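Residue numbering for the sequence shown follows UniProt numbering, starting at 1 and increasing by one per position. For reference, the structure is listed below as structure tokens.
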Amino acid sequence: MPPQSPYDPPTDALSIADLLAAARTHLTRLTPAAAAAELAAYHSHLASDFKPQTPPPAPVLLIDIRPAAQRAAEGHIAGATVIERNVLEWRLDPRSAARLEAAGGRYDARAIVICQEGYTSSLAARELQRLGLSRATD
């Protein structure tokens with residue numbers, strides 16, 4: 001058998017299109033309006049006079065994973081929590097010592113991930129689901 005060309009993919013390799021399509025089969029993707037509505041409903045519920053619940057309602061976070069340069073060029077997204085992609089899993093994994101307290105260390109947190117074009121956010125949201133955050137999406 002002749003050696004494989006370094007330009008031919010290994011037989012078990014997936015393309016980025018394959019990875020993206022596989023990730024999206026696990027997501028119920030949101031429109032920007034639907035994401036904004038979920039975030040607003042959560043904050044409205046927190047601001048209302050309601051009886052304290054045990055446990056409190058699951059956090060809803062709009063997470064902007066764009067790099068600083070894109071945020072500077074395109075602007076801030078109102079209500080978003082900035083977590084750059086390279087640290088996302090550490091900030092949202094309830095078992096991580098580096099977790100973001102806004103997520104409450106909860107597996108039922110609703111993480112709505114956004115990026116510039118909607119590709120990286122799909123891959124990131126799927127990884128969050130694999131950490132146990134089953135309500136993560138983009």
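From the three backbone atoms N, C-alpha and C, an ideal C-beta is built for every residue, glycine too. All of these numbers come straight from a predicted model, not from anything done at the bench.
On a CA-only basis, which of the options is nearest residue i? Give me that one, please.
i       : options                        : result
Gly-105 : Leu-92, Ala-111, Ala-80        : Leu-92
Ala-103 : Thr-28, Leu-61, Val-82         : Leu-61
Asp-18  : Asp-64, Arg-135, Leu-123       : Leu-123
Ile-112 : Arg-95, Pro-94, Ile-83, Ser-96 : Ile-83
Express the C-alpha separation of residue j and residue i in angstroms, rounding to a whole number.
i       : j       : result
Ala-98  : Trp-90  : 6 Å
Thr-137 : Leu-88  : 13 Å
Ala-73  : Tyr-119 : 19 Å
Arg-135 : Ala-125 : 9 Å
What distance in whole Å lies between the Cβ atoms of residue j and residue i, which are believed to be in contact at a cut-off of 8 Å?
i      : j       : result
Arg-66 : Cys-115 : 6 Å
In the DSSP assignment, what are the bridge partners of residue i?
i       : result
Arg-110 : Val-60
Val-82  : Asp-64
Take residue i and list the residues in its own chain whose beta-carbon comes closer than 6 Å to its own, dropping the five residues that flank it on each side.
i       : result
Leu-39  : Val-60, Leu-62, Gly-79
Asp-108 : Ala-58
Tell me which residues share the same chain as residue i and place their Cβ nearer than 7 Å to its Cβ, disregarding the 5 neighbours each side in the sequence.
i      : result
Thr-28 : Thr-137
Could you pull out every residue in the same chain whose Cβ sits closer than 8 Å to the Cβ of residue i, ignoring the five residues on either side in sequence?
i      : result
Tyr-42 : Pro-57, Pro-59, Val-60, Arg-110
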